[in-house]
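Below is one structure; the comments refer to it alone.
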Amino acid sequence: MPNAQLIAAVHQAREQRLLSAEAADNLVRWLTEPAYRASVPEIAALIHSQAWDVLEDGFYTVLPFGTGGRRGPRGVGPNRINARTIAESARGLADWTIQHHGPNSSIVIAYDTRHASTELSRVCAEVVAASGLTAYLYDGFRPTPQLSFTVRLLEAGAGIVISASHNPRSDNGFKAYGPDGGQLVPPVDAEVMDAVERTMGKDIPRLPLEEGVRQGCIRMLGEREDVAYRSAVLSTSRSTRRAARIVYTPLHGAGIRSVLPILHAAGFEDVHLVEAQSEPDGDFPNVRNNIPNPEEPAALAEAAELAAHLGADIAIGTDPDADRLGCVAKRVSSDQTWDRLTGNQIGALLCHYVLSELSRQGRLRPDNLVLTTTVTSPMIGKLARFHGAGVIEDLLVGFKYVACVMADLPDPGRVVFACEESHGYLGGSYTRDKDGAGAALLLAEATARAREEGGDLWRTLDRIFEMVGYHCDLMYPHLSPGKSGMEHIARMLAGLRASTPRSLGSLDVLRVTDRLDGTVYDVDGNVIGRFEPITDPATGVVLQGLLPATDNLLVYDLAGTGSLAGVRAAVRPSGTEPKCKFYASGWTLPGPTSPATRRQVDAQTQRVVDELLAYALAVAETG
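Residues in the sequence shown are numbered consecutively from 426, following our numbering.
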């Protein structure tokens, strides 16, 4: 079908309302401008098959920078991950790097085991080299936290990871990092996106990989950098206890090159691999539902089965780029059953382990810091204060804000632990992103300590509840894919801002904090305060790097009742997937809690999150 006929078909589809004006305009651009000529055959095939829904979603907008860079399904169009959008991303980041760090700077590039990751990382290296910068490219797949570490190791101006983290197998993405090793935060993310948009429609030169290597402007990374990274992770070890039997699965991802070598190097000899999930494979064929997300119970089902068979203590798994960690742990002290630990519970166990070990060794300083986000369990901040450490617990979602705090501190080594509820943990400041390998090391040590004390991680968690109160932390992801889904999510947030629920789960709403504009208001919409700038708790100095940061996040503080001392709820659209997340945390006061009390807290917290979702759906329809 010649281009003229393709364009005519696009215009006809627009007239028939099969395509939006935005999608039709972008399609015409991609069919007519020379920069997009390589995509024409794929577009033509979709038009010929009248796949208008696919074309609408691929072309109605430009894939934005979200919480973790640009991420989405692979395919054709500006709202998809493909060689063209990746080339635009790489060139935009290169142009920004040249502007801010000079033409003699460099960009480090890594990639995971997803489909097309190898090819797309090569595109990045060729584009970066053609821009005049030096491209450092890993010689095989590596975990995301290793890229963050390497940016600082090589004093590079920026970093790139080709990965979609824990997303479905259809997806891939482009994570961008600054010279501090952290993902881009406002206003830099907008600056880079502006630079990316300036490349659209233009020819983007590429220097062939082999020629770039020959000229020395593409340099391959490998074992030397691996050794440096592993040494840095091992430096976060907090004890020499090693008596733990561990089952590990990389879920067909990059963790096979970080978690397993680091556990072995640390001296954990009783580690067993889920062999069926050990080979790198972007289809994730041996993972239930083919979703390699350690947040999902099904993802660790095979690991848990092997652990039960072997009589192990824990079964752990990491996502494809090995920055997140999930765990299933045996209840030795009760009925020998295996249960999944939530992201918040793992965070509490690791936080308690790190702080208590530092305290035992006389190495915990009053200015040490624990960092966490506003949608992570309040348990983390309470634990930090219980142990005598400082805490910053109102960070926006995304580990890039943890990195932002470290960049603002004269001594980033003050940060001894950081976490977020979505299974991201960091036991120091050696890298500026969450790290599944570092978390695995600390969790293995915590398990060995619990075993030495005659218990298990669940008994440790019970002791934590006695210290800071029993906590129930829930998150419900409301899936809403496609253009219509994004519009639906926007209506939900707009409706919640226009009309505040007076109660949730029969608990009065006391106040709402809107992290988009920093206002704090009551149920009648009256402004009663402002969200104050985040400060260093040791010095009171405002952390300047966090000031430009905002998020489409609403936080609800609710009144407690009876044994329920307090409740917090929140809602925000995901920055990486087509979903809106609804959170609720309910807690008791410190001290022992009966099973009946825990069930009451669980039930009440569930009612809060259910009613918040129902209210949001209702206002989206009536708004």
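Built from N, CA and C at the ideal position, the CB exists for glycine as well.
Task: Simplified DSSP assignment, three categories, for F599 - done: strand
Open item on the list: Assuming contact is defined by CB atoms lying nearer than 9 Å, are F490 and C549 in contact in what I supplied?
Closed with: no
Open item on the list: Residues in the same chain with beta-carbon distance under 7 Å from Q571, minus the five sequence neighbours each way, listed in chain order, please.
Closed with: A535, Y654, S683
- [ ] Just the C-alpha distance for I468 and C829, rounded to the nearest angstrom, thanks.
- [x] 41 Å
TODO: Give a yes or no on whether the C-beta atoms belonging to A864 and L775 are separated by under 9 Å.
DONE: yes
Task: Coil, strand or helix - D939 by DSSP - done: strand
Task: Simplified DSSP assignment, three categories, for F1007 - done: strand
Task: Buried versus exposed call for K1049 [16 or more other C-beta atoms within 10 Å across all chains shown] - done: Residue 1049 lies beyond the range of the chain shown here (426 to 1048); nothing can be said about it.
- [ ] Report, in whole angstroms, the separation of the C-beta atoms of D482 and G907, which I expect to be a contact under 8 Å.
- [x] 5 Å
Open item on the list: Which residue wins for smallest C-alpha separation from A814, given the options F842, R649, Q702?
Closed with: F842
Open item on the list: Tell me which residue opens and which closes the alpha helix (DSSP H) that L783 is part of.
Closed with: 768-785
- [ ] Can you tell me which of the three DSSP states I468 falls into?
- [x] helix
Task: Contact check, P998 vs L918, beta carbons under 9 Å - done: yes
Open item on the list: Taking the straight line between their C-alpha atoms, what separation do you get for G1011 and A434?
Closed with: 55 Å
Task: 8 Å Cβ shell around N428 - same chain, five flanking residues per side excluded - done: L456, T457, V465
- [ ] Could you give the DSSP three-state label for R765: helix, strand or coil?
- [x] strand
Open item on the list: Is there a C-beta anywhere in chain C that falls below 9 Å from the one on I506?
Closed with: Protein chain content of the structure displayed is limited to a single chain, and chain C is not contained in it.
Open item on the list: Closer than 8 Å to a non-hydrogen atom of the ligand SAM - does that hold for the CB of D898?
Closed with: Absent from the structure shown: the ligand SAM. Ligands present: none.
Open item on the list: Please report the straight-line C-alpha distance between D1027 and K807, rounded to a whole angstrom.
Closed with: 19 Å
Task: Beta-carbon proximity list for H903, same chain, < 7 Å, skipping 5 on both sides - done: K1004, C1005, F1007, L1038
Open item on the list: Beta-carbon within less than 7 Å of P686's beta-carbon, same chain only, minus the 5 sequence neighbours each way: which residues are those?
Closed with: R655
Task: Through-space distance from V613 to P528, alpha-carbon basis - done: 18 Å
Task: Assigned exposure category for G637 - 16 Cβ within 10 Å defines buried - done: buried
Task: V610 classed as buried or exposed, judged by whether at least 16 other C-beta atoms fall within 10 angstroms - done: buried
Task: C-beta atoms of D520 and R439 nearer than 9 Å - done: no
Task: Local conformation of V717 per DSSP, three classes - done: A small correction: the amino acid at residue 717 is Pro; Val does not occupy that position in the sequence shown. Coil, per DSSP.
Task: Beta carbon of A1021 nearer than 9 Å to that of H913 - done: no
Task: G806: first and last residue of the uninterrupted alpha helix (DSSP H) it sits in - done: 803-812
Open item on the list: So, with DSSP's three-state summary, where would you put V586?
Closed with: strand
Open item on the list: Spatial neighbours of D706 within its chain, please: C-beta separation below 6 Å, excluding the five flanking residues on both sides.
Closed with: H677
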